[in-house]
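**Q** Handing you a structure now.
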Amino acid sequence: MKPLLAGIAAFLATAAGLAIAQEPPGGGMAAGARAMMRADANGDGVITREEYLAQAGQRFDRMDRNHDGKIDQSEMQQIGERMRGRGGMRGGGDMPPPPPPPGGTTPPQQ
């Protein structure tokens, strides 16, 4: 369970970092940074470990569609489908397609 939570936390932190890194020149705060700052529960401009973990717990609860305390393969696929439906992490739809599943076939291109 802890490795899964650590992996999810690392993924979300990386995704936010990528969104920040892709901020347009002269633009305001990137969407990823704004999302991260929502974790700043008391509005003091910094995110404590407790605030970060509380937001990560809320995100986990949203991903755990059947509320069994675990994110299984089916739930991961649903998350991926929702992200692809929004155009990926950047929202621009310019991300490459995901790799085919091990031993599976390549998903049809849209």
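For the sequence shown, the positions run 14 to 123 when the working numbering is used. Every residue, glycine too, gets a C-beta built ideally from N, C-alpha and C.
(1) Tell me which residue opens and which closes the alpha helix (DSSP H) that residue 51 is part of.
(2) Go ahead and label residue 45 buried or exposed: buried means 16 or more other beta carbons lie within 10 angstroms of its beta carbon, across all protein chains shown.
(3) What do you get for residue 89, buried or exposed, if any count of 16 or more other CB atoms within 10 angstroms of its CB means buried?
(4) Leaving out five residues on either side along the sequence, give the residues of the same chain with a beta carbon under 6 angstroms from the beta carbon of residue 77.
(5) CA-CA distance, residue 67 and residue 79?
(6) How would you call residue 43, buried or exposed, if buried means at least 16 neighbouring beta carbons within 10 angstroms?
**A** This is what the structure gives:
(1) Walking along the sequence shown from the start, residue 51 turns up at place 38. Counting along the chain, residue 51 falls outside any alpha helix (DSSP H), and DSSP gives it neither H nor E.
(2) If you number the sequence shown from 1, residue 45 lands on position 32. So residue 45 ends up on the buried side.
(3) Here the question's residue 89 lines up with position 76 in the sequence shown. Burial call: exposed.
(4) By 1-based counting over the sequence shown, the position of residue 77 is 64. The residues are 84.
(5) Residue numbering aside, residue 67 sits at position 54 when the sequence shown is read from its first letter. Residue numbering aside, residue 79 sits at position 66 when the sequence shown is read from its first letter. Taking the straight line joining both Cα atoms gives about 20 angstroms.
(6) On the sequence shown, position 30 is the one that residue 43 refers to. Its Cβ being crowded by 16 or more others within 10 Å, residue 43 is buried.
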